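Here is the structure we will look at, set down as structure tokens.
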Amino acid sequence: MYSIERPNYIHVGFGKPYTRSFHITLCTESTSTCIKRGYYYGYTIAANIASDVFDNIFMDIVKGKPINVYRYSNRIYYVYTYSDSLWRFLELLRELIYKMYRYCKTDECIYYIVNDIVNRCGVYPESCSNAVERWLGYIDRIIRRYSNAGRKALYTRFSQRTRLYRAKLYHYFPTIATIPIYRVNSIYYSSCIDESMNILRRFYSNNVAHRYSDRICSTTHAYIFATTDLFAITPSNVEASYGEDCIIKFGDQHVFIDDCDENEKHVVFKLINANAKNNMIYRVNWVSVLGLDKYSNQIFLHYIPPTLLLHSVKICREWLLGLVDDFGVKNDGYILIEV
Numbered sequence: 062m063y064s065i066e067r068p069n070y071i072h073v074g075f076g077k078p079y080t081r082s083f084h085i086t087l088c089t090e091s092t093s094t095c096i097k098r099g100y101y102y103g104y105t106i107a108a109n110i111a112s113d114v115f116d117n118i119f120m121d122i123v124k125g126k127p128i129n130v131y132r133y134s135n136r137i138y139y140v141y142t143y144s145d146s147l148w149r150f151l152e153l154l155r156e157l158i159y160k161m162y163r164y165c166k167t168d169e170c171i172y173y174i175v176n177d178i179v180n181r182c183g184v185y186p187e188s189c190s191n192a193v194e195r196w197l198g199y200i201d202r203i204i205r206r207y208s209n210a211g212r213k214a215l216y217t218r219f220s221q222r223t224r225l226y227r228a229k230l231y232h233y234f235p236t237i238a239t240i241p242i243y244r245v246n247s248i249y250y251s252s253c254i255d256e257s258m259n260i261l262r263r264f265y266s267n268n269v270a271h272r273y274s275d276r277i278c279s280t281t282h283a284y285i286f287a288t289t290d291l292f293a294i295t296p297s298n299v300e301a302s303y304g305e306d307c308i309i310k311f312g313d314q315h316v317f318i319d320d321c322d323e324n325e326k327h328v329v330f331k332l333i334n335a336n337a338k339n340n341m342i343y344r345v346n347w348v349s350v351l352g353l354d355k356y357s358n359q360i361f362l363h364y365i366p367p368t369l370l371l372h373s374v375k376i377c378r379e380w381l382l383g384l385v386d387d388f389g390v391k392n393d394g395y396i397l398i399e400v
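My numbering numbers the first residue of the sequence shown as 62 and each following residue consecutively.
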């Protein structure tokens, strides 16, 4: 690959859905030599999502103005003299492709947007760029509305279930209301590891303490641990508090109870640490299973993949036992045996 201060040409390679991707590059030459030797800057787009936009908008508006056409690597390349307006138009089309396929649920929606843009493209490229930007702004507003609705729905679910299971959690783990909190002051990874190890060695062996220290120092999240009792480790700048919708707050990190399962052998809770603000969930930091074996009176806490966020705590516990994967049951023939 080579670089230049300013490209002279834009090469647009057309692929076929599920066969060859679209290829858009900036080059110094108008022939295939530029593509064969390497390109100045470029990217590919999957043809199954790009073909509708390029076959209709780009082909109808721009195709009639190439200075060269050639075939290479199962693509047909159209070469255009570089201009800021053309490159901006291509960048807008790329953004439209990904956002449109995130917004549209049917082919009719895609065809409607594409046809509307084509009808508004009177003078290329200014009017076409304006038409694409108009749809990008509209799609952004809709996606933001959907996202906020989903964030609020998650917060409502977590807060309601926390209030539902809070009394039971405090019954089996009364010390969680006054959980001991250890703070890590260092912001540098190596010294953070040493500081975390000094804390965790009080409760775990060296190899276990090192694994937990690596997790603590790789993020800025607050973590809960269990031995004979519960304790937490947080960055030094995070203040802990208690709220009505969650069991504990570490700054803007809220720890919720999402589910509970109790029988004569055990009681298990699913805990979620998520960044929340204005009654919306913005980021899920971790998901864990906290439980108590009633026979041995032993506490256990395990962190599980975030893909199990919306699954029941029974599925989460079965995942820990290796009976299910992240997305569901592996084999219905297994019979769960408590150990």
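Note that beta-carbon positions come from the ideal geometry of N, C-alpha and C, so glycine has one too. All figures in this text were calculated on a predicted structure; none of them were measured in a lab.
> So, L284 versus A270, is the Cβ gap smaller than 8 angstroms?
Replying inline: Position 223 of the sequence shown holds residue 284. Position 209 of the sequence shown holds residue 270. The sequence given here places Tyr at residue 284; Leu does not occur at that position. No, the pair does not count as a contact, with Cβ atoms beyond the cut-off.
> Going straight from the alpha carbon of H315 to that of N336, what length do you get?
Replying inline: Counting from 1 along the sequence shown, the entry for residue 315 is found at position 254. Counting from 1 along the sequence shown, the entry for residue 336 is found at position 275. If you take the alpha carbons of H315 and N336, they lie about 6 angstroms apart.
>> So if DSSP puts I71 in a beta bridge, which residue, or which two residues, is it bridged to?
In response: Counting from 1 along the sequence shown, the entry for residue 71 is found at position 10. Looking at the DSSP assignment, I71 forms a beta bridge with L87 and Y141.
> So, using beta-carbon positions, are P78 and S112 closer together than 8 angstroms?
Replying inline: Here the question's residue 78 lines up with position 17 in the sequence shown. Here the question's residue 112 lines up with position 51 in the sequence shown. Yes. Within cutoff.
>> Helix, strand or coil for E323? Go by DSSP, reduced to three states.
In response: The sequence position of residue 323 within the sequence shown is 262, counting from 1. The answer is strand: DSSP assigns E323 an E or B state.
> Taking Cβ positions, are A287 and F219 nearer each other than 8 angstroms?
Replying inline: Counting from 1 along the sequence shown, the entry for residue 287 is found at position 226. Counting from 1 along the sequence shown, the entry for residue 219 is found at position 158. The answer is no: Cβ separation not under 8 angstroms.
> Apart from the five residues on each side of it in sequence, which residues of its chain come closer than 7 angstroms, Cβ to Cβ, to D121?
Replying inline: Taking the first residue of the sequence shown as position 1, residue 121 is located at position 60. So the qualifying residues of the chain are V179.
> Just reading off the alpha helix (DSSP H) that P255 is part of, what are its end residues?
Replying inline: Within the sequence shown, the letter at position 194 stands for residue 255. Reading off the sequence shown, one finds Asp at residue 255, where the question assumed Pro. Its alpha helix (DSSP H) spans residues Y250 to L261.
>> Against chain D, with Cβ distances strictly below 8 angstroms, would C88 count as a contact?
In response: Absent from the structure: chain D. Only one protein chain is present.
>> Tell me which residue opens and which closes the beta strand (DSSP E) that T105 is part of.
In response: The residue given as residue 105 occupies position 44 in the sequence shown. Here the beta strand (DSSP E) through T105 covers Y102 to I106.
> For V130, which residues does DSSP report across the bridge?
Replying inline: For the purposes of this step, residue 130 is taken as residue 69 along the sequence shown, with counting starting at 1. Bridge partners of V130: Y139.
> Which residue spans inside the region 147 to 171 form an unbroken beta strand (DSSP E) run of at least 3?
Replying inline: none
> Okay, do the region 89 to 107 and the region 160 to 168 touch, 3+ Cβ pairs below 8 angstroms being the bar?
Replying inline: no
> Looking at C-alpha atoms only, which residue of T80, I128 and P127 is the closest neighbour of R108?
Replying inline: Translated into the one-based positions of the sequence shown, residue 108 becomes position 47. First, the amino acid is wrong: residue 108 is Ala here, not Arg. Of the candidates T80, I128 and P127, the one whose C-alpha sits nearest the C-alpha of A108 is T80.
> Which residue from K355, L381, N340 and Q359 puts its Cα closest to that of S349?
Replying inline: In the sequence shown, residue 349 corresponds to position 288, counting from 1. Checked all of K355, L381, N340 and Q359; the closest Cα to S349 is L381.
>> Does the contact criterion of 3 or more C-beta pairs under 8 angstroms hold for the region 324 to 331 versus the region 238 to 255?
In response: no
> Pick from V114, I237, N340 and Y143: whose alpha carbon is nearest that of E90?
Replying inline: Against the sequence shown, residue 90 aligns to sequence position 29. For E90, the nearest C-alpha among the options comes from Y143.
>> I'd like to confirm the pairing. Which residues does DSSP put opposite D354 in its beta bridges?
In response: As a first step, residue 354 is located in the sequence shown; it is residue number 293 there, counting from the start. D354 pairs with H327 and Q359.
> Of the choices D313, E300, K355 and E156, whose alpha-carbon is the least far from that of N324?
Replying inline: Counted from its first residue, the sequence shown places residue 324 at position 263. Measuring from the Cα of N324, the nearest candidate turns out to be K355.
> Does the Cβ of D145 have 16 or more other Cβ atoms within 10 Å, making it buried, or fewer, making it exposed?
Replying inline: Along the sequence shown, read from residue 1 onward, the residue named residue 145 stands at position 84. So D145 counts as exposed.
> From H363, K310 and L291, pick the residue whose C-alpha is nearest to that of V299; which is it?
Replying inline: Residue mapping note: residue 299 aligns to position 238 of the sequence shown, counting from 1. Per the Cα distances, K310.
>> Checking 8 angstroms against the spacing of the C-beta atoms, do S257 and C278 come in under that value?
In response: On the sequence shown, residue 257 is found 196 positions in, with the first residue counted as 1. On the sequence shown, residue 278 is found 217 positions in, with the first residue counted as 1. In contact: S257 and C278 (Cβ atoms closer than 8 angstroms).
> For V73, does the count of other Cβ atoms within 10 angstroms reach 16, so buried, or fall short, so exposed?
Replying inline: In the sequence shown, the residue the question calls residue 73 occupies position 12. Per the 10 Å Cβ criterion, buried.
>> Based on DSSP bridge pairs, tell me the residues matched to H315.
In response: The sequence position of residue 315 within the sequence shown is 254, counting from 1. K310 and A335.
> If we count the other Cβ atoms within 10 Å of its Cβ and call it buried at 16 or more, is H232 buried or exposed?
Replying inline: On the sequence shown, position 171 is the one that residue 232 refers to. It is exposed - the Cβ of H232 has fewer than 16 other Cβ atoms within 10 Å.
> Of the choices Y364, N259, G312 and H84, whose alpha-carbon is the least far from that of R132?
Replying inline: Counting from one through the sequence shown, the residue named residue 132 turns up at place 71. Minimum Cα distance to R132 is reached at H84.
>> Beta-carbon within less than 6 angstroms of D255's beta-carbon, same chain only, minus the 5 sequence neighbours each way: which residues are those?
In response: Taking the first residue of the sequence shown as 1, we reach residue 255 at position 194. Here the set comprises nothing.
> Which stretch, first to last residue, makes up the beta strand (DSSP E) that contains V299?
Replying inline: By 1-based counting over the sequence shown, the position of residue 299 is 238. That residue, V299, is in no beta strand (DSSP E); it is neither H nor E in DSSP.
> Roughly how far, in whole angstroms, is the beta-carbon of W148 from the beta-carbon of I71, given that I think they are within contact range, below 8 angstroms?
Replying inline: Taking the sequence shown and counting its residues from 1, the one referred to as residue 148 is at position 87. Taking the sequence shown and counting its residues from 1, the one referred to as residue 71 is at position 10. At roughly 6 angstroms, the Cβ-Cβ gap stays under 8 angstroms, so W148 and I71 are in contact.
> For N268, which three-state DSSP category applies?
Replying inline: As a working mapping, residue 268 is identified with position 207 in the sequence shown. In this structure, N268 counts as helix in the three-state DSSP scheme.
>> On the DSSP letters alone, give me the boundaries of the beta strand (DSSP E) that I242 sits inside.
In response: Stepping through the sequence shown from its first residue, residue 242 is reached at position 181. Looking at the DSSP string, the run of the beta strand (DSSP E) that includes I242 is I242 to V245.
> Near H363, what residues of its chain come up, given a Cβ to Cβ distance below 6 angstroms and the 5 sequence neighbours on each side ignored?
Replying inline: Here residue 363 refers to the residue found at position 302 of the sequence shown. V350 and L381.
> Near K338, what residues of its chain come up, given a Cβ to Cβ distance below 8 angstroms and the 5 sequence neighbours on each side ignored?
Replying inline: What you label residue 338 is simply residue 277 of the sequence shown in a count that begins at 1. Excluding residues within five positions, the ones whose Cβ falls inside 8 angstroms are D313.
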